[in-house]
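Trainee: Below you'll find the structure I mean.
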Amino acid sequence: MRIESVIIENIRSHVKTTVRFSKGFNCLVGGLGAGKTSILYAIDFALFGEPLGRSYDYLLREGANYGKVILKFVEGGKEYAIWRGLRRRGDKISHDPELLKLFEGSKLIAETKNEAVIEQLKSITGLDKDIFRNIVWIRQERLKEILDMAPSDRQRVLDQLFGISDYETSWANIRSIQKWYESELENLSKDPEVVGAREVRERYDEAVRELVTKEAEIEDAKKRLAEAEAKLRETSARLGELMELRRRSDELRAKEMELKSRISALENVYMRLMSDVKERKRKISELEGRLETLLSQEGIFRRRLTELGFQADMTLQSLQAYINAIVGQISSIRGEEEGVRSEIKRISQRLSSLAMENKCPLCLQPLPPEYKEGLMKRFYDEIANYKQQLNELDKNAKELERLRSTLFTIFSSLQSIIPKREEIVRQIEDEKKALNKIVEEMRVKEIELNEVRRQLEETLSMIAGFDYSALEEAQKRYNEAFEEYSNIKSRVQILETQRSEIVNRLNNLKWRLDMAQKKMERLEKVKRILTFIEEARTAYRSIQPRIRSDFVKYLEKLVQQILDELMGPEKPPLSVSIDESYTPIMRGEEGYERGAHNLSGGERTFLAIAYRLGVGQIIMHLKSGRGLSILILDEPTESLGREDGSIDKLAEMLSRLKSIEQIIAVTHSEAFAEKADYVIRVDKREGRSIIVEEALG
1 MRIESVIIEN IRSHVKTTVR FSKGFNCLVG GLGAGKTSIL YAIDFALFGE
51 PLGRSYDYLL REGANYGKVI LKFVEGGKEY AIWRGLRRRG DKISHDPELL
101 KLFEGSKLIA ETKNEAVIEQ LKSITGLDKD IFRNIVWIRQ ERLKEILDMA
151 PSDRQRVLDQ LFGISDYETS WANIRSIQKW YESELENLSK DPEVVGAREV
201 RERYDEAVRE LVTKEAEIED AKKRLAEAEA KLRETSARLG ELMELRRRSD
251 ELRAKEMELK SRISALENVY MRLMSDVKER KRKISELEGR LETLLSQEGI
301 FRRRLTELGF QADMTLQSLQ AYINAIVGQI SSIRGEEEGV RSEIKRISQR
351 LSSLAMENKC PLCLQPLPPE YKEGLMKRFY DEIANYKQQL NELDKNAKEL
401 ERLRSTLFTI FSSLQSIIPK REEIVRQIED EKKALNKIVE EMRVKEIELN
451 EVRRQLEETL SMIAGFDYSA LEEAQKRYNE AFEEYSNIKS RVQILETQRS
501 EIVNRLNNLK WRLDMAQKKM ERLEKVKRIL TFIEEARTAY RSIQPRIRSD
551 FVKYLEKLVQ QILDELMGPE KPPLSVSIDE SYTPIMRGEE GYERGAHNLS
601 GGERTFLAIA YRLGVGQIIM HLKSGRGLSI LILDEPTESL GREDGSIDKL
651 AEMLSRLKSI EQIIAVTHSE AFAEKADYVI RVDKREGRSI IVEEALG
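Numbering-wise, this note's numbering puts 580 at position 580 of the sequence shown, and it's gapless, one number per residue.
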């Protein structure tokens, strides 16, 4: 794995910073508090998303509501990028899953869920959180931590890292298992079922013999039960047939009562209908008499119409119209009479005037006597004519009035007779219809009555054919067969209950035998397991030193190779040996051996780097099958001085370390940075960290 760049936004003192890295030895240099280590914190957060402590308070910039880190790296020739974010909600800072993404090139391969991203990351790089934080990233003041440990602590820690302590743990854990099996062996040896297995076997065999005897008794009883059951079925069938006949007889008797009841009801209905017929006929006869009287009266008035010159079948409407016409004529004549009387009165007035004066009543001129007499004579003649006309009009009016009176009398009489006659005709028709309906109903009831009487005769005939004595005999035989069957069945049930008790006893004894057998088998198995456990514990105890010895040899070889690479060919060689507690011992040109505590500050630093790299290579190979390709150092120059050149030596050694593809070191030492392949200068201005220079060393 090689980191190409990291983009930081609102992380500690960084507001928005982009840091690029190269292959080889990269050095982040700057003053105290400039924000160098913050870049390492950002890389750790981008890779794993988990805080170094309990919260993210150390990571998010004060006053910022969100933070973001984008880490780009190369692995196996492919480019990858991880995006992560932080978000402040109230007084709590949390990981922002919405921003979490893992890209391979431009392809999104995981997002949202941290577990999925970490799983993909481990598959790609072979790194997990523990390897990165304990091996790849050597934090400030922890470079020499392993060297400063007591030998026993160092052996315990490295045994755990290499997995050797698992054998010790297994050896101890197996002892508790061994004790458990020893306890089980003791319990099984004293178990009552195991001890009393022979007695249970004897009781089981005795129960088997009892079961065989009981099965024979049951077989014999079942044969007798089958015979009794057959006899019971036969008598039951015969009894059933007779009971069916009895049921049919009872049904027939019920039917007899029903038919008699129906006959009585039908006869009552028939008698009621006959009474209704008589009543209807009487009523029709009465109505026909009334109709005849009305027709006679109507005939008299019709003949009177004929005598008056009218048609006998003249309708009331026509007669009414004719009477109205006569009334009109009379009214017209009376009008003419009034007119004639008015004329007579007018002429009489003229005569009176003419008789008193000799003047013309019209022009008031004096009249001669001859002309006056002639005029008066003419007036008298007109009065006589008008009176004659008045007499004729009065005569005509009186004749018309007599005709009107006669016709009105006929009209009034017919107007009273005709509706009565029509109503009686309608009533006669209704009565005849009702009579016909009753007659038809009587005919139907008579047919039904005859049919019911026929059914009653048949029913009585069938009832007479039933023999009750046969039913009593069949009932007696059935009762005897049922009693015999019940006794045998009860005997079979008792025997089966006894057999069930024996079977239950057998099952219980069988279960106890099986349990005893299983426990005896378990007893033998536990003995074999205890033998195996003892052999396994012996093997675990003997294999642990051998495996540790192999790791020590491999670690010694790796540390020596790294030391040789760090020192270079021009430097005097340093040889290292490592004992069983993983304690390194340095040997100089003179052949003197010195422990880590007796080395100079620079030598201890060189040894610590070589030792940590050797341990890291082994762990990476063990856990991922890959070598260590990246190393991150936070202030590795601690306790080193410029005066003795130890800082320069450390920088030169790291620059020569080509077995590690990329080294990222944080330092405040300019002398250390001068030896780096790529220098990144970090400064802090107005509370914000910035990259002021990136250059090749």
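C-beta atoms are modelled at their ideal positions from N, C-alpha and C, and glycine is treated no differently.
Measuring alpha carbon to alpha carbon, tell me which of Thr583, Glu652, Lys72 and Leu628 ends up nearest Leu159.
Mentor: Residue mapping note: residue 159 aligns to position 159 of the sequence shown, counting from 1. Just to set this straight, residue 159 is Asp in the shown sequence, not Leu. Among Thr583, Glu652, Lys72 and Leu628, the Cα nearest to that of Asp159 belongs to Thr583.
Trainee: Ser634: buried (16+ other C-beta within 10 angstroms of its C-beta) or exposed?
Mentor: Numbered from 1 along the sequence shown, position 634 holds the residue referred to as residue 634. Checking the sequence shown, residue 634 turns out to be Asp, not Ser. Looking at its Cβ environment, which holds 16 or more other Cβ atoms inside 10 Å, Asp634 is buried.
Trainee: Taking buried to mean at least 16 other C-beta atoms within 10 Å of its own C-beta, is Arg546 buried or exposed?
Mentor: In the sequence shown, the residue the question calls residue 546 occupies position 546. Looking at its Cβ environment, which holds fewer than 16 other Cβ atoms inside 10 Å, Arg546 is exposed.
Trainee: Is it true that the CB of Lys278 sits closer than 8 Å to the CB of Glu431?
Mentor: In the sequence shown, counting from the first residue as 1, residue 431 sits at position 431. In the sequence shown, counting from the first residue as 1, residue 278 sits at position 278. Cβ atoms of Glu431 and Lys278: not closer than 8 Å.
Trainee: Between which two residues does the beta strand (DSSP E) containing Pro584 stretch?
Mentor: On the sequence shown, position 584 is the one that residue 584 refers to. First-last of the beta strand (DSSP E) with Pro584: Pro584 to Arg587.
Trainee: Where does the unbroken alpha helix (DSSP H) through Thr125 begin, and where does it stop?
Mentor: To locate residue 125, count along the sequence shown from 1; it is residue 125. Per DSSP, Thr125 belongs to the alpha helix (DSSP H) from Asn114 to Thr125.
Trainee: Taking 8 Å as the limit between beta carbons, can you name the residues of its chain near Thr18, skipping five residues before and five after?
Mentor: Along the sequence shown, one-based indexing puts residue 18 at 18. Closer than 8 Å at the Cβ level, and outside the excluded window around Thr18, lie Ser5, Val6, Ile7, Ile8 and Ile691.
Trainee: In chain order, which alpha helix (DSSP H) runs of at least 4 residues are fully inside the region 617-678?
Mentor: As far as the region 617-678 is concerned, its whole alpha helix (DSSP H) runs of at least 4 residues are 646-656 and 670-674.
Trainee: To which residues of the same chain is Leu102 closer than 6 Å at the C-beta, ignoring the five residues directly before and after it?
Mentor: Mapped onto the sequence shown, residue 102 falls at position 102. Cβ neighbours of Leu102 beyond the five flanking positions: Ile82, Ile109, Ala110, Val117 and Gln120.
Trainee: Bridge partners for Lys68 per DSSP, in chain order?
Mentor: Translated into positions along the sequence shown, residue 68 becomes position 68. Per DSSP, Glu9 and Gly85.
Trainee: Ignore the nearest five residues each way along the sequence and tell me which others in Ile619's own chain have a CB closer than 7 Å to its CB.
Mentor: As a working mapping, residue 619 is identified with position 619 in the sequence shown. Here the set comprises Ile131, Ile135 and Leu161.
Trainee: Given Lys445, which residues of its chain have a CB within under 6 Å of its CB, disregarding the five upstream and five downstream residues?
Mentor: Stepping through the sequence shown from its first residue, residue 445 is reached at position 445. These residues qualify, in order along the chain: Leu266, Val269 and Tyr270.
Trainee: Can you tell me whether DSSP reads Ile164 as helix, strand or coil?
Mentor: To locate residue 164, count along the sequence shown from 1; it is residue 164. In this structure, Ile164 counts as coil in the three-state DSSP scheme.
Trainee: I need the DSSP call for Tyr592, collapsed to helix, strand or coil.
Mentor: Mapped onto the sequence shown, residue 592 falls at position 592. Coil, per DSSP.
Trainee: Please name the residue, chosen from Leu403, Tyr592, Glu210 and Gly63, that lies closest to Ser500 on a Cα-to-Cα basis.
Mentor: The residue you call residue 500 lines up with position 500 of the sequence shown. When each option's Cα is compared against that of Ser500, the closest is Glu210.
Trainee: Count Cβ pairs between the region 403-414 and the region 311-325 that sit closer than 8 Å; are there 3 or more?
Mentor: As far as the Cβ criterion goes, the region 403-414 touches the region 311-325, which means the pair count is three or higher.
Trainee: Helix, strand or coil for Phe21? Go by DSSP, reduced to three states.
Mentor: As a first step, residue 21 is located in the sequence shown; it is residue number 21 there, counting from the start. Of the three classes helix, strand and coil, the one that applies to Phe21 here is coil, per DSSP.
Trainee: Output the distance between the C-alpha atoms of Ser624 and Gly76, rounded to the nearest integer angstrom.
Mentor: By 1-based counting over the sequence shown, the position of residue 624 is 624. By 1-based counting over the sequence shown, the position of residue 76 is 76. Spanning the two alpha carbons is a distance of roughly 14 Å.
Trainee: Less than 8 Å separating the beta-carbons of Leu650 and Thr637?
Mentor: Numbered from its first residue, the sequence shown carries residue 650 at position 650. Numbered from its first residue, the sequence shown carries residue 637 at position 637. Yes, the Cβ-Cβ distance between Leu650 and Thr637 is below 8 Å.
Trainee: Use the C-beta contact count for Tyr592: other C-beta atoms within 10 angstroms, 16 or more gives buried, fewer gives exposed.
Mentor: For the purposes of this step, residue 592 is taken as residue 592 along the sequence shown, with counting starting at 1. With fewer than 16 other Cβ atoms within 10 Å, it is exposed.
Trainee: Quick check: the region 251-263 against the region 378-393, are there 3 or more CB pairs under 8 Å?
Mentor: Result no; under three Cβ-Cβ pairs closer than 8 Å.
Trainee: How about the region 21-30 and the region 87-106: do they share at least three Cβ pairs that are nearer than 8 Å?
Mentor: No, because fewer than three Cβ pairs between the region 21-30 and the region 87-106 fall closer than 8 Å, the two stretches do not touch.
Trainee: Quick check: the region 188-208 against the region 499-513, are at least 3 beta-carbon pairs closer than 8 Å?
Mentor: Touching, per the Cβ criterion.
Trainee: Tell me where the beta strand (DSSP E) around Ala34 begins and ends.
Mentor: Here residue 34 corresponds to residue number 34 of the sequence shown, with the count starting at 1. Note, Ala34: premise wrong, no beta strand (DSSP E); not H, not E.
Trainee: Starting from Ile330 and walking both ways along the alpha helix (DSSP H), at which residues does that stretch end?
Mentor: Here residue 330 refers to the residue found at position 330 of the sequence shown. First-last of the alpha helix (DSSP H) with Ile330: Leu316 to Met356.
Trainee: Does the pairing of the region 517-530 with the region 224-238 give three or more beta-carbon distances under 8 Å?
Mentor: With a cut-off of 8 Å, the region 224-238 and the region 517-530 do not count as touching, because too few Cβ pairs lie within range.
Trainee: Report yes or no: is there a C-beta of chain B within less than 8 Å of the C-beta of Ile93?
Mentor: Reference to chain B is not applicable here, since this structure consists of a single protein chain.
Trainee: Can you say whether Val212 is buried or exposed, counting buried as having 16 or more other CB atoms within 10 angstroms of its CB?
Mentor: As a first step, residue 212 is located in the sequence shown; it is residue number 212 there, counting from the start. With fewer than 16 Cβ atoms within 10 Å of its Cβ, Val212 is classed as exposed.
Trainee: State the start and end residues of the unbroken beta strand (DSSP E) segment that holds Val136.
Mentor: Position 136 of the sequence shown, counting from 1, holds the residue named residue 136. Run containing Val136: none; DSSP gives neither H nor E here.
Trainee: Please report the straight-line C-alpha distance between Ile680 and Asn114, rounded to a whole angstrom.
Mentor: Here residue 680 refers to the residue found at position 680 when the sequence shown is read from its first residue. Here residue 114 refers to the residue found at position 114 when the sequence shown is read from its first residue. Spanning the two alpha carbons is a distance of roughly 31 Å.
Trainee: Is DSSP giving Glu484 helix, strand or coil here?
Mentor: Locating residue 484 in the sequence shown gives position 484, where the first residue counts as 1. In this structure, Glu484 counts as helix in the three-state DSSP scheme.
Trainee: So what's Glu686 in DSSP terms, helix, strand or just coil?
Mentor: Start at 1 with the first residue of the sequence shown, and residue 686 comes out as number 686. Three-state result, Glu686: coil.
Trainee: Here's the rule I'm using: 16 or more other beta-carbon atoms within 10 Å means buried, otherwise exposed. How should Ala608 be labelled?
Mentor: Taking the first residue of the sequence shown as 1, we reach residue 608 at position 608. Flag for Ala608 reads buried.
Trainee: Using DSSP with H/G/I as helix, E/B as strand and the rest coil, what is Ser575?
Mentor: Stepping through the sequence shown from its first residue, residue 575 is reached at position 575. Of the three classes helix, strand and coil, the one that applies to Ser575 here is strand, per DSSP.
Trainee: Under the three-state reduction of DSSP, which class applies to Glu234: helix, strand or coil?
Mentor: In the sequence shown, the residue the question calls residue 234 occupies position 234. Correct three-state label for Glu234: helix.
Trainee: Could you spell out the range, first to last residue, of the beta strand (DSSP E) harbouring Ser55?
Mentor: Within the sequence shown, numbered from 1, the residue matching residue 55 stands at position 55. No beta strand (DSSP E) holds Ser55; DSSP gives it neither H nor E.
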